[in-house]
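Visitor: One gets this note's numbering by counting positions in the sequence shown from 1 and adding 54 to each.
All residues carry an ideal CB built from backbone N, CA and C; glycine is no exception.
As the structure is a prediction and not an experimental result, all values here were calculated from the model.
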Amino acid sequence: MTQAAGCPVTSSPDSLDASQPLIVFDGVCVLCSGFVRTVVRLDRKSRFRFATAQSPFGEALFHKHGLRTDSYETNLVLINGAPFIRLDSFVTVMAELGWPWRAAKALLLLPRPLRDWLYERIAKNRYAIFGRKDSCEIPSAAMRARMIG
Numbered sequence: 055m056t057q058a059a060g061c062p063v064t065s066s067p068d069s070l071d072a073s074q075p076l077i078v079f080d081g082v083c084v085l086c087s088g089f090v091r092t093v094v095r096l097d098r099k100s101r102f103r104f105a106t107a108q109s110p111f112g113e114a115l116f117h118k119h120g121l122r123t124d125s126y127e128t129n130l131v132l133i134n135g136a137p138f139i140r141l142d143s144f145v146t147v148m149a150e151l152g153w154p155w156r157a158a159k160a161l162l163l164l165p166r167p168l169r170d171w172l173y174e175r176i177a178k179n180r181y182a183i184f185g186r187k188d189s190c191e192i193p194s195a196a197m198r199a200r201m202i203g
């Protein structure tokens with residue numbers, strides 16, 4: 055997939071600092087961008103960094119972790135270099151934000167096939183339900199300071 059207009063250009067995945075958690079998200083997805091804005095607001099220690107999946111950096115990370123780059127149907131979360139996708143990516147991020155968000159870990163009690171099925175239903179229909187932008191939104195100053203690249 056080519057880079058969407060307005061998506062930030064970022065550096066090489068080889069330059070990634072694994073000590074800082076990273077969320078790679080679909081920059082044109084209203085739901086995904088909303089999730090990232092929420093993380094920016096809740097992450098009081100400003101630990102998380104962000105990259106759009108449409109950027110060369112995001113695409114390279116998706117490739118590196120065996121994810122499709124023709125449609126971005128999952129966020130990719132890297133914590134201490136370990137990748138998390140689908141619902142596990144959401145749960146991992148929420149757990150990193152502390153209480154009460156850590157309670158999202160209860161979702162891990164669902165059997166993996168059910169978690170994956172639920173996530174895939176939302177992912178495949180996210181544009182129809184929540185909307186899609188023609189280009190990556192212009193990030194707030196707080197988000198821009200935490201974008202990779």
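With H, G and I counted as helix, E and B as strand and the rest as coil, what does DSSP make of P167?
Guide: Position 113 of the sequence shown, counted from the first residue, corresponds to residue 167. In the structure shown, P167 sits in a helix (DSSP, three-state: H, G or I).
Visitor: Around the C-beta of L115, are 16 or more other C-beta atoms found within 10 angstroms, so that it is buried, or is it exposed?
Guide: Residue numbering aside, residue 115 sits at position 61 when the sequence shown is read from its first letter. Buried.
Visitor: Compute the distance between the beta-carbons of M201 and F104, then report whether it is under 7 Å.
Guide: One-based indexing of the sequence shown puts residue 201 at position 147. One-based indexing of the sequence shown puts residue 104 at position 50. Against a cut-off of 7 Å, the Cβ pair of F104 and M201 comes out as a contact.
Visitor: From T101 to R156, what distance separates their C-alpha atoms?
Guide: Working through the sequence shown from its first residue, we reach residue 101 at position 47. Working through the sequence shown from its first residue, we reach residue 156 at position 102. Here the sequence assigns Arg to residue 101, which means Thr is not the residue at that position. Note on geometry: alpha-carbon atoms of R101 and R156 lie some 16 Å from one another.
Visitor: For my contact list, H117 and P137 are in at a C-beta cut-off of 8 Å; report their separation, rounded to the angstrom.
Guide: Counted from its first residue, the sequence shown places residue 117 at position 63. Counted from its first residue, the sequence shown places residue 137 at position 83. About 12 Å separates the two Cβ atoms, so there is no contact after all.
Visitor: With DSSP collapsed to three states, give me the class of F104.
Guide: On the sequence shown, residue 104 is found 50 positions in, with the first residue counted as 1. Here F104 sits in strand by DSSP.
Visitor: Out of R98, S73, P110, which one is the CA nearest neighbour of G4?
Guide: Absent from the structure is residue 4, since the part of the chain shown begins at 55 and ends at 203.
Visitor: Go ahead and pull the three-state DSSP assignment for I139.
Guide: In the sequence shown, the residue the question calls residue 139 occupies position 85. Per DSSP, reduced to three states, the secondary structure at I139 is coil, with no helix or strand assignment.
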